[in-house]
């Protein structure tokens, strides 16, 4: 097998294009094509550059024998290809790959992960960070919203959510369960039929707005008449939830 075919063989096994190899070696793409087709042969300085770029030596290029360091297994070649593609990504792309790698490594090793994954995570959308407040939003009889500590969590960049709260209680079951994390768009009011976060005389509720009442999705809970309260505010509209 001639040197040109060996160059092509090594290049393809590494998953490199002619252009990529040319850039690594310091020649033109057409030069690599000429080497592989046998039209021309690389000069000595280019040969040394080819040895380094292809991970081989003269024994392989001229005789077809891999040196020990170039005897890559299929998994090694796949890993090299993954690394090459990773290096070609922009910042957002690398962040997505890092996130998936961390989750999968944690899953395989049995380690806990604190990453929150939205229901539509498989779409691999770009992410943004919003504050997640430790205080809960009651899906029960009400809790006091008297804290302000928060930590950042990641959500899809396309989400309208401004902040997040954790559900406390089961009054919004079956759609929302105790411990679910709510995505909330901050706004002073919601329309009838929409879900919102309401503060009634200092107590926080996660309910469906029904005009004069706040309604639970769980039929075990009675409606809450707003006429019972003096101070009523809406903190925002609930857009959906994350699973942690």
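Numbering (full-length UniProt numbering), first residue to last: 1 to 244. For each residue, glycine too, the CB sits at the ideal point set by N, CA and C.
With the rule of 3 Cβ pairs closer than 8 Å, the region 217 to 226 does not count as touching the region 234 to 243. In the three-state reduction of the DSSP assignment, residue 229 falls in the coil class. Collapsing the DSSP output to three states places residue 39 in coil.
Contact annotation, residue 181 with residue 164: C-beta distance approximately 5 Å; criterion of less than 8 Å satisfied. Beta-bridge pairing by DSSP links residue 156 to 127. Where residue 215 is concerned, the enclosing beta strand (DSSP E) starts and stops at 213 to 215.
With a cutoff of 9 Å on beta-carbon distance, residue 97 and residue 127 are scored as not near each other. Partner residues in the beta bridge of residue 237, as assigned by DSSP, are 185 and 196.
Going by C-alpha positions, residue 108 is about 14 Å away from residue 99. In the three-state reduction of the DSSP assignment, residue 89 falls in the coil class. Of the candidates 175, 84 and 152, the residue whose Cα lies closest to the Cα of residue 21 is 84. Inclusion of residue 4 and residue 52 in the CB contact set at 9 Å is not warranted, their separation being larger than that value. Residues of the same chain with a CB within less than 6 Å of the CB of residue 149, apart from the 5 flanking positions on each side, are 134 in chain order. Residue 208 and residue 157 have their C-alpha atoms some 26 Å from each other. Beta-bridge partners assigned by DSSP to residue 164: 132 and 183. Residue environment analysis places residue 221 among the buried positions, since at least 16 neighbouring C-beta atoms fall within 10 angstroms of its C-beta. The beta carbons of residue 54 and residue 130 sit no closer together than 9 Å. Around the beta-carbon of residue 19, fewer than 16 other beta-carbon atoms lie within 10 Å, marking it exposed. DSSP places residue 204 in the uninterrupted beta strand (DSSP E) bounded by 203 to 209. Beta-carbon to beta-carbon, residue 132 and residue 151 are separated by about 5 Å, close enough to satisfy the 8 Å threshold.
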